[in-house]
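Visitor: Got a structure for you, questions after.
In this note's numbering, the protein residues as written are 3 to 1099.
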């Protein structure tokens, strides 16, 4: 019964065969006939058993599927496991079998749970999976568990979650709760983690609760960049535009990543003043797009303050932003800029601004520019001419432009190219039918030029595309006919039309009008066996081409073209439409069976048209792509698991013959052998090649055995080669097979690797024991690591393995033993915090602290370097160890590593006591001398202060370090330079009163050679003035410093006033303050003020 049924559907295409199985299963559901059918299939080969499982699932026969769960056939067991979960199975059935599931089976279990609706089973699996296979595998289950369980275990398993995106999509509410709980005491490092977790699938988070997301963003913006919110910026702005505005304008600058049309459109509800703030905060390259999203009536009000701010020269204005303004406003601003110094006087700037004037005013200037004597000047002028025409929005002006372009015939190619490229950007709406002859003449002249370049041809192609689209939009045949004539000329000059992405530019239904307009040309080309335009059009229309029957007919006809490259392209397009690809494939194979050599045809046959496999595998296919003398052997890469045994046997025979063929190259034979490894039952076919004398063949066979569906038998063969010259290949294949071996047998299975004389084999065996969580992994690894004479690389591998099993005390003992050898200790320090849960991070940090305090300096140096990554979990007394190492002048090899670890901790936590203690100790011995050393304590303190200085500038925690250190150093004139540096590092320009007080406090310190030092440090600290610093704050600081008590403070005021005057323009108060300082009692101040100029000559 079963065999007859399978034989009856064997020759059907795969989708119809699967449908027939499902129909028969539903027909027999609940009847004795189904039991007899399944029983008969169960006694057959693997294909029959897998078919039985599929039919049982369709019929809802849990009893049968449950019986297959413990099948000796690994593949059947895995399929049955997934099927049972799909049908719904009690946890009591799966949990007892869990310890015996291989890694591959466990991954199949997770994939089955991913179908959803199995929360009870997933909840029941978390605890036993965690206990037996570790946190990483338990974390894989969390997306499919109930929210209550996820909320309970997520704090412990968060570090091991492999895909936060998946968890977000399934458990976003729990993640919100988790992040909110952790945000209360989060610093910068914690926020990096929390923010990544929350925004791994930011779209899900925003749709779930945008208000909570914005609230968390307001807390996170101080610590992390908010660029992750960019994809949902518009959604969030529609929800709360004021909240988004505050994020964008935050003083940290972390919200500047918010940008894009969706955001800007949503923010239009804000008043002009607030929109102007957002515009000023946006990047220069975004401002044009920002304005384009706004109604034209609002653009000038928002953009003018930035375009016309004082201090910005006419040549520095972004003219592209000017182009976004309405014509009247654009012209008014252009005139004002031309009237400024440096506007009309500089020809290049004058022409650029004149292009934004009305055509009547712009034309005389630009016509003169396009007639300049050098080609470079003319090439720069033509885009300006086109810009002026586009700004006019007048079709009559376009006609004047085309008249001016007639002189292109006598131009050099760089000039023609520049003109045509700019002409291609002209808005389509300005093109009228009466322009077509002149435009076509300009193009023809360019095509006929002797020095025509590729760039010029590409620009002509863009113009041709514009004409085609314009014709499709308006229905005017003149545009289309001109485009066809130009494309014909392009083809004659071996250039082709680029229609990529055409489907984006056409209105709905316009593809039909476009095709009808092109049909005469396409039919004429087809009659001459020319298919380029038809195939280019089909490519450009993409899926919209499927609905144009005439175009599809042409594509199918192109499959018989004389040119091979044309046929390959046509076959790809003909098989792209899911609705017609089967029929098209039949039609093509009737005409030429060698089409099967093309990848698109092979893939379709392997995955859908399995009814064609017999003709493909049994009979030589000859045609244009294949000689009748050649036996073609396709190398399929997908779909084989759904073939019938008959097809698999035929393919196996074909591959075997190819692998033995004397006419095939060595690489082709090796490829056929590797392909045999993909076939069900391929192990037996591969055995004859294992002992081949040809290295390439033998290693291809070992590689194929790694893919075998009989891993036990394959490992037995591969184990014989782990000690010979093929070890690297055999080891890799064993690693692949081991993923299909139940955990209890892993120790025995991997024993050949551990006993191999090859170090690489032993290392891989150790790694697999830990990765696959063999029950006896730790005793085996410890015994191997303690074996006398064990190679150092193997010992390092045991440390790596122990790092994966730190939930066991034996692993910690192994680590303690390993650090006795400095060469192996490095492997211990390679363990990162992200691999451990928080309790073990604290234990490991304490472990590193002990190593850093130990007597072995080589190990201590590595431990000190490691502590820079573990400070968040280090015991409090770790700082004492770091201070002791830094200030111990009896040794010289550890102090820099200790200093780095100390500053990383202090900068992140703001804990200043340890840094102050180190400064005090080094100060006490700053003048001590040692034999063959020069003031070592002073050198260490200088280095410490040098690396301490950036911390107050970059973080608030680091800022807390500055005050106590400054207090310690201020009384000693030898350290006043460092005091000045720290003072300027700690100031905040947004706190004017505190800044004035801090700088003026330097007055008694900045004397002698340090008089000008505060001014230099202020210039370096401020740099180019950031936009987020309020002008009012800078004005207050400048005024306060200008009346300072000493020349040093006045010099700093001059430096600040110069920067502000150059940025904001020399208007009061900057001009007033500078003028006053030019009469300062101190000559140095007067000199600096008078050497700062408010206007350049």
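Even for Gly, the Cβ is constructed at its ideal location relative to N, Cα and C.
So, is residue 929 buried or exposed, given that buried needs 16 or more other C-beta atoms within 10 angstroms?
Guide: exposed
Visitor: Which residue or residues does DSSP assign as beta-bridge partners of residue 628?
Guide: Bridge partners of residue 628: 625.
Visitor: Give me, in chain order, the residues of the same chain whose beta-carbon lies closer than 6 Å to that of residue 913; leave out the 5 immediate sequence neighbours on both sides.
Guide: none
Visitor: Any idea what DSSP makes of residue 913, helix, strand or coil?
Guide: Here residue 913 sits in coil by DSSP.
Visitor: Using the rule of at least 16 other Cβ atoms within 10 Å of the residue's Cβ for burial, across every protein chain shown, is residue 596 buried or exposed?
Guide: buried
Visitor: Are the stretch 934–947 and the stretch 895–904 in contact at 8 Å, needing three or more beta carbon pairs?
Guide: yes
Visitor: Per DSSP, residue 161 is paired with what?
Guide: None; residue 161 has no bridge partner.
Visitor: How would you label residue 310, buried or exposed, when you count the other beta carbons within 10 angstroms and need 16 or more for buried?
Guide: exposed
Visitor: In or out: residue 430 buried (at least 16 other Cβ within 10 Å) or exposed?
Guide: exposed
Visitor: Out of curiosity, what's the CA-to-CA distance linking residue 584 and residue 575?
Guide: 13 Å
Visitor: Assuming residue 236 and residue 262 make a contact with CB atoms under 8 Å, what is their CB distance in whole Å?
Guide: 7 Å
Visitor: Return the chain-ordered list of same chain residues with a C-beta closer than 6 Å to the C-beta of residue 241, the five sequence neighbours on each side being excluded.
Guide: Apart from the 5 residues on each side of it in sequence, residue 241 sits with its Cβ closer than 6 Å to the Cβ of 212 in its chain, given in chain order.
Visitor: Do residue 277 and residue 260 have their CB atoms nearer than 8 Å?
Guide: no
Visitor: For residue 709, which of helix, strand or coil comes out of DSSP?
Guide: coil
Visitor: Measuring alpha carbon to alpha carbon, tell me which of 650, 657, 1003, 611 ends up nearest residue 633.
Guide: 657
Visitor: Is it buried or exposed for residue 527, if we count other Cβ within 10 angstroms and need 16 for buried?
Guide: Label assigned to residue 527: buried.
Visitor: Could you check what DSSP says for residue 902 in three-state terms: helix, strand or coil?
Guide: helix
Visitor: Could you check if residue 65 is buried or exposed, using at least 16 other CB atoms within 10 Å of its CB as the buried criterion?
Guide: exposed
Visitor: Going by DSSP, name the residue or residues bridged to residue 935.
Guide: Beta-bridge pairing links residue 935 to 932.
Visitor: Buried or exposed for residue 701, going by 16 or more other Cβ atoms inside 10 Å?
Guide: buried
Visitor: Less than 8 Å between C-beta atoms, sequence neighbours within five positions excluded: which residues of the same chain meet that for residue 99?
Guide: 71, 72
Visitor: Excluding five sequence neighbours on each side, which residues of the same chain lie with their C-beta closer than 7 Å to the C-beta of residue 986?
Guide: 1019, 1020, 1023
Visitor: Does DSSP classify residue 541 as helix, strand or coil?
Guide: helix
Visitor: In whole angstroms, what separates the C-alpha of residue 979 from that of residue 821?
Guide: The alpha-carbon atoms of residue 979 and residue 821 are separated by roughly 43 Å.
Visitor: Are the Cβ atoms of residue 304 and residue 281 separated by less than 8 Å?
Guide: yes
Visitor: Indicate whether residue 40 and residue 22 have their beta-carbon atoms separated by less than 8 Å.
Guide: The answer is no: Cβ separation not under 8 Å.
Visitor: Quick one: what's got a C-beta closer than 8 Å to residue 630's C-beta in the same chain, skipping five residues either side?
Guide: 622, 624
Visitor: Kindly list the residues whose CB is nearer than 7 Å to the CB of residue 676, restricted to its own chain and excluding five residues on each side of it in sequence; keep chain order.
Guide: 702, 705, 706
Visitor: According to DSSP, is residue 611 part of a helix, a strand, or is it coil?
Guide: coil
Visitor: So, are the CB atoms of residue 291 and residue 320 less than 8 Å apart?
Guide: No, these two residues do not count as a Cβ contact at 8 Å.
Visitor: When you compare only the Cα positions, how much space is there between residue 577 and residue 618?
Guide: Using only the alpha carbons, I get a separation of about 18 Å.
Visitor: Pick out whichever of 587, 589, 639 has its Cα sitting closest to the Cα of residue 608.
Guide: With distances taken between Cα atoms, residue 608 lies closest to 639.
Visitor: List in chain order: all unbroken alpha helix (DSSP H) runs of 4+ residues lying wholly within the stretch 348–381.
Guide: For the stretch 348–381, whole alpha helix (DSSP H) runs of length 4 or above, ordered along the chain, are 349–356, 361–371.
Visitor: Shortest alpha-carbon distance to residue 992 belongs to which of 803, 1031, 1017, 956?
Guide: 1031
Visitor: Mapping DSSP to helix, strand and coil, what is residue 1028?
Guide: Judged by DSSP in its simplified three-state form, residue 1028 adopts coil rather than helix or strand.
Visitor: Would you mind listing the alpha helix (DSSP H) stretches within the stretch 463–547 that are 4+ residues and don't spill past its ends, in chain order?
Guide: 479–494, 512–529, 534–543
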